[in-house]
Every structure is written in C-alpha cells, then in structure tokens.
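See structure below.
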Amino acid sequence: MTWVNAIVQGVLLGGFYALLACGLSLMFGVMRIINLAHGDIAVVGAYLVWLLATQLSISPFLAALLVIPGMWVVGYAMYVLLLERSRRAGLLVPLLTTFGLAIVIENVLLQVFSPDVHSLLSSTGSLATASVSVGGGLSISALGTLIFVTAVVVLTGLQLFLSRTNAGRQMRATAEDPDAAELVGINARAVYARATAIAVATAALGGVFLAIRSTFDPSTGPTQLIFAFEAVVIGGFGSAWGTLVGGVVLGVAQVIGEQVNPQYAVLFGHLVFLAVLAAPQVGILARRGQGL
Amino acid sequence: MSLLEVRDIDAQYGLLKAVRGVSLTIEEGETHALVGANGAGKTTLLRTIAGAHRPTAGSIVFDGVDITGIPTYRRVSLGIALVPEGRRLFPGLSVEENLSIAGGKRRGGEWSVERVLDVFPMLRERRKHRAATLSGGEQQATAIGRALMCNPRLILLDEVSLGLSPIAVSAVYDSLKTLIAGGTTVVLVEQDLGRALGVASRVTCMLHGEVVLEGAASELTRVQITAAYFGTQRAASAGAAS
Chain W
1056 MTWVNAIVQG VLLGGFYALL ACGLSLMFGV MRIINLAHGD IAVVGAYLVW
1106 LLATQLSISP FLAALLVIPG MWVVGYAMYV LLLERSRRAG LLVPLLTTFG
1156 LAIVIENVLL QVFSPDVHSL LSSTGSLATA SVSVGGGLSI SALGTLIFVT
1206 AVVVLTGLQL FLSRTNAGRQ MRATAEDPDA AELVGINARA VYARATAIAV
1256 ATAALGGVFL AIRSTFDPST GPTQLIFAFE AVVIGGFGSA WGTLVGGVVL
1306 GVAQVIGEQV NPQYAVLFGH LVFLAVLAAP QVGILARRGQ GL
Chain C
14 MSLLEVRDID AQYGLLKAVR GVSLTIEEGE THALVGANGA GKTTLLRTIA
64 GAHRPTAGSI VFDGVDITGI PTYRRVSLGI ALVPEGRRLF PGLSVEENLS
114 IAGGKRRGGE WSVERVLDVF PMLRERRKHR AATLSGGEQQ ATAIGRALMC
164 NPRLILLDEV SLGLSPIAVS AVYDSLKTLI AGGTTVVLVE QDLGRALGVA
214 SRVTCMLHGE VVLEGAASEL TRVQITAAYF GTQRAASAGA AS
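In the order they appear, the protein sequences are chains W and C. Take the working numbering: the last position of the first sequence gets the number 1347, and nothing is skipped along the way. Take the working numbering: the last position of the second sequence gets the number 255, and nothing is skipped along the way.
Below is the structure:
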C-alpha cells in the first residue's frame, strides 16, 4: 500500500512540476529560448502573492488573481524590452540574458525581502491540511488535488489554444517558420511577446502553489528551474501533454526515491532524467518534425 | 498612379550586391513577368518588395505610400503577398490551418478557405492533412492559396513551377489565369520563358542584379529577350529598355 500511496502522491506532485514547466516548454517550442530565469520568475510570483496577502490581509488565491495578470504584462514587457534584442544577436545570447536576469532577480529579492524563509501555507486555512481518505490507508490531500487539477486545466487550455484558436495556430506557424509567418501577415514579434507573457504568467501560478505547498526564499528559483527543466526534457520539448507526462514521471520518481530513503528523492528524479537523456529518442512524447 | 513603384533599389547579402539600382513600375491589373538567369537578383527583388529583405538604398512606393520602412507583416495588410521560393509552408499545420492563419489583420476581401478550395480543387480532400505530407503540386497550390487568403492587390509569385511535374505546372498556371482574369495584379518570376510569356502582359529581364530589358510582352521578340537573358547583346538591349 505504501507503494500505491507513493505513486498517487507522485502523480499529484507531478502536476505541480508540469505547471512550473509548461511555460519553459512553450518558450523553447515557440522561439528556441531556454529561459534560465523561469524558476526565479516563479519565486517572484510567490513573493508578490505573499506581499499582497499579508499586507492587505486577503486570501492568497485572491492575491494570485491580481498577480497573475500583472505577471502577464511583465512577461510581455520582458520580451519586448529584453529578449527581442538578445534573440536577434543569436541563439546563445538569450541564454546568457536569462542567466543574467536570474542573478538580478535573486539579488533584488535578497535585498528587498532578506534571506528569510516564507510560506503561504498558514494563510490558506483548512485547505492546507485537508485530505480525503479513499480507503486502504490511502489519503489524497486537497491541496495536492487542487494543484494537479489546475495543472491539467492549464495544460489542456494551452493545448486547445494552440490547436483550436487562430492566435494559437499563428503561434505554431511562427514557431515553425518566422519569416514565412511574417510573409502571411503575422507579427512574429507580437507572437513571441505573447508566448513569453503566457510563460511568465504560468510560472507565477506555479510559484503561488510552490509558496502554498512548501517554503520559499530568494534562492529557491534555481532548484525549481531544474525540476521544471527535467519535466520538460522527460516529456519531450514543446509538447503540452508531454510536459504533463514528464512532470508526473519526475514526481513519481521523486516520491518513490523518498520511499526508499528520504535522502534519495531528488536523486531518483535526476536518475530518471539522465536515463531519458541517454535514450535514443529524447522525451517520452517527442515526435520528430513537430515543434509543438 | 501606378500600383507599385520600385525606385533605384540596391539590395545585398553581406558584401554581395544582388540587386543594383533597379527601378520597376507595376500598373494595376497587369501581369508582369520577371525573367533572368539564376543569380540575376529576381528573388531578392521580390523579397525586397515584400519586406523580407531590407534594401540598402532606394525606395518602394505602393499605391502612393512609401513602404520602404514598413515591416513585412504590415505590407501584407496593405495588400502585398509573396509566394516565396520553395513554398515555405508550415509543415506541421494542416492545409486548412495554413490557409486560415494567413492575412493577419485581415483586409476585407473575397478570399476564404472555401474559395481557395474552389480554385484548387485538388486540395479539398487534403484539407485536414499536414502540409508536410502533400505532393509538390499540392504544396504549391496551398502556398498560392495562402497568399490569396491575404486578399492581395499585388501577388508576387517566386518560381511557382520549380520542382513540379509538367501536369502540376499546368494546373497551377490554369488557376493563375483565373486569378489574372479576376483583375489581381501579378508579378511572377519564372525560369520557363514560354510559360512566362504565355501569361504576362509585360516583361522585365534582369542580369547580374540590373534591369537589362523591359517592355510589353507583345512588343518584345523572343530573340530580344533571350539576348538580354544571357547578356549577349547588352548594349543593344539597354537602348530598348524604356
């Protein structure tokens, strides 16, 4: 029963990783940018929600409803002011830019908020500890379920956006051939900015859940980035469903590792990631010749 | 007023000058063939008109508006559409998606996915297939259809017959004639002189990045064009250029 429990908890944890990872995957899929500041952007989202929730004494979920649209705008501006210029300079420059951005964010957070550890756990009321027993000693936490369901909704929404809406189709077209996209009247720059906005907003949402389910401080970002990156690679870059599968595989691996020995949680996750990297076709749902 | 005026355009790739001091006037409703050997600068000239390539000198005036500094996607909404060399479809998108995304901020107009499928009936049963799985002729038809979806006043066709079977080329040209009859202004780059002269009302011949011959298709002899094409009578043809 402990193993069944481990798998169930792993799947729920995987939803959280998928939520963190989907923006990373989108940005790589659409414009071949690996955003090394992704984890730190999630932490910024966590800080903003924490700030609003404590200063205005409102529920963190209400605060998140204010912060996420704000982060959308931040993402749009981040592309126009920062990434657009560096993307024109070549493939490696955006990597350096986001690396620099990550350092800047971490140090600004350190300066403004001090290295103190925070959490939103206590301000979510009964949700944090509520769980449903499903028999056989197995219980599912309400918070874990909420995060998992949110992840599925966000990823499904993203997938539907890309496959069903005109803006989404234009995003896929731009990902495949930006020059040809311009020639049929698509403003590639606006499409890239929109993709970055989506990525930053979903990262902030992931950051809110990070803050609710555990603790955060200015240096939390890079670890979250690694987990998100592993989820994306395991699932196959650029595929929304792949990201969900990747997150779940990573989550299950970590919880099983924890079951074996509490020290092994992260190690097991890394091992699965390395195994997938070593496999001939990287990514479980990777399909060749299909960007998204 | 002419629909398009290209004035003294220079365009280059690095140090290589592909187009030198080219001027060209396209009147509304005409079909203008741009001919010349490989490397004559035809593709670069079309890409410069569409905005995909930045000229180093000169200006482009479309319908009385200087568009030299206007980005590609906005030229589409003004009414310029290019069918690029090599088709450049979005391989992962279906035929229908390739068509429906085109147009950007849509100009009002008559073209719809249904209408394109009427003009290119071979695409009808392939509409849900990914563009990567199409035959060359079907891909070319999709590429032309995609440009038409922008409801262009001026359509630029770059080597539409390249790599197609003779039957597919005929099918593409048949639908082109429908277009021309409908009043769309067409500039077409074509290697096959016979094909080009069959549909064009005016002809411009380029050599080494320069215009060496320009005139009404009915007034130019094939000998004149061939001479300009290969540069064998460069001095003589320069006099013929208007």
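Glycine included, every Cβ here is placed at the ideal spot set by N, Cα and C. Keep in mind the model is a prediction, meaning the values are calculated, not measured.
Please report the residue range of the beta strand (DSSP E) in which residue i lies.
i	result
F75 (chain C)	70-75
D1272 (chain W)	Counting along the chain, D1272 (chain W) falls outside any beta strand (DSSP E), and DSSP gives it neither H nor E.
R20 (chain C)	17-26
H45 (chain C)	44-49
Buried or exposed for residue i, going by 16 or more other Cβ atoms inside 10 Å?
i	result
V1159 (chain W)	exposed
I180 (chain C)	exposed
Y26 (chain C)	exposed
Q1318 (chain W)	exposed
Q1064 (chain W)	buried
W1058 (chain W)	exposed
N1242 (chain W)	buried
D21 (chain C)	exposed
R1343 (chain W)	Because R1343 (chain W) sits at a pLDDT of 43, beneath the cut-off of 50, its placement in the model cannot be relied upon, and the following sentence gives the value as read from the coordinates. It is exposed - the Cβ of R1343 (chain W) has fewer than 16 other Cβ atoms within 10 Å.
K55 (chain C)	buried
L1136 (chain W)	exposed
A1333 (chain W)	exposed
T1184 (chain W)	exposed
Cutting at 8 Å between CB atoms, please list the residues of its own chain near residue i, excluding the five before and the five after it.
i	result
G1070 (chain W)	G1199, I1202, F1203, V1204, T1205, A1206, V1207, L1299, G1302, V1303, G1306
A1048 (chain W)	The structure shown does not extend to residue 1048 (chain W), since chain W is modelled only from 1056 to 1347, so the question has no answer here.
K30 (chain C)	D23, A24, G222
L210 (chain C)	A46, V216, A230, R235, I238
I68 (chain C)	Note that residue 68 (chain C) is Pro in the sequence shown here, rather than Ile. Excluding sequence neighbours, P68 (chain C) sits near I22, D23, A24, V32, T61, T81.
E123 (chain C)	N164
G195 (chain C)	none
L206 (chain C)	V48, R235, I238, T239, Y242
I'd like to know whether the C-beta atoms of residue i and residue j end up nearer to each other than 8 Å.
i	j	result
P1273 (chain W)	L1107 (chain W)	no
V212 (chain C)	V48 (chain C)	no
A1258 (chain W)	G1155 (chain W)	no
Q204 (chain C)	L177 (chain C)	no
E223 (chain C)	E172 (chain C)	no
T61 (chain C)	V32 (chain C)	yes
M262 (chain C)	V129 (chain C)	Because chain C in this structure spans residues 14 to 255, residue 262 (chain C) falls outside the shown range and cannot be described.
A221 (chain C)	A53 (chain C)	The amino acid occupying residue 221 (chain C) in the given sequence is His; Ala does not appear at that position. Yes, they are a contact pair.
L59 (chain C)	F75 (chain C)	no
L169 (chain C)	L95 (chain C)	yes
A1254 (chain W)	M1082 (chain W)	yes
L1260 (chain W)	L1103 (chain W)	no
F1328 (chain W)	Q1309 (chain W)	no
Y1072 (chain W)	A1283 (chain W)	yes
E1161 (chain W)	G1276 (chain W)	yes
T1278 (chain W)	G1094 (chain W)	yes
A156 (chain C)	R100 (chain C)	yes
M1086 (chain W)	Y1247 (chain W)	yes
L106 (chain C)	R1249 (chain W)	no
E18 (chain C)	T198 (chain C)	no
By the DSSP assignment, the alpha helix (DSSP H) with residue i in it spans what residues?
i	result
K327 (chain C)	A question about residue 327 (chain C) goes unanswered here, because the residues of chain C that appear run from 14 up to 255.
V200 (chain C)	Careful: V200 (chain C) lies outside any alpha helix (DSSP H), inside the beta strand (DSSP E) at 198-202.
D1095 (chain W)	1093-1110
T1278 (chain W)	1276-1290
G1078 (chain W)	1057-1086
A1320 (chain W)	1320-1333
I205 (chain C)	As written in the sequence, residue 205 (chain C) is Asp, which differs from the Ile given in the question. D205 (chain C) -> no alpha helix (DSSP H), and no H or E assigned at all.
E172 (chain C)	Where E172 (chain C) is concerned, there is no enclosing alpha helix (DSSP H), given that its DSSP letter is neither H nor E.
I1311 (chain W)	1295-1315
I193 (chain C)	179-194
G1125 (chain W)	1115-1133
T56 (chain C)	55-63
L91 (chain C)	85-91
R1143 (chain W)	1139-1143
Ordered along the chain, which non-local residues of its own chain (more than five positions away) have a Cβ less than 7 Å from that of residue i?
i	result
F103 (chain C)	N111, A144
P1115 (chain W)	V1104, A1108, L1175, S1178, T1179, V1263, I1267
M1133 (chain W)	T1251, V1255
R139 (chain C)	V108, L147, E151
F133 (chain C)	A154, G158, S188
I1311 (chain W)	A1061, G1065, F1323
What does a CB cutoff of less than 6 Å around residue i pick up in its chain, not counting 5 residues either side in sequence?
i	result
I1062 (chain W)	V1307
S15 (chain C)	T38, E40
A115 (chain C)	R159, M162, C163
Could you give the uninterrupted runs of the alpha helix (DSSP H) lying entirely in the region 97-166 of chain C, keeping only those of 4 residues or more?
108-113, 126-132, 149-161
Runs of beta strand (DSSP E) lying entirely within the region 1149-1189 of chain W, each at least 3 residues, in chain order
1186-1188
Pick out the complete beta strand (DSSP E) segments inside the region 213-242 of chain C, 3 residues or longer, and give them in chain order.
215-220, 223-229
Taking only runs of the beta strand (DSSP E) that begin and end inside the region 1190-1239 of chain W, which ones reach a length of at least 3 residues, in chain order?
1194-1196
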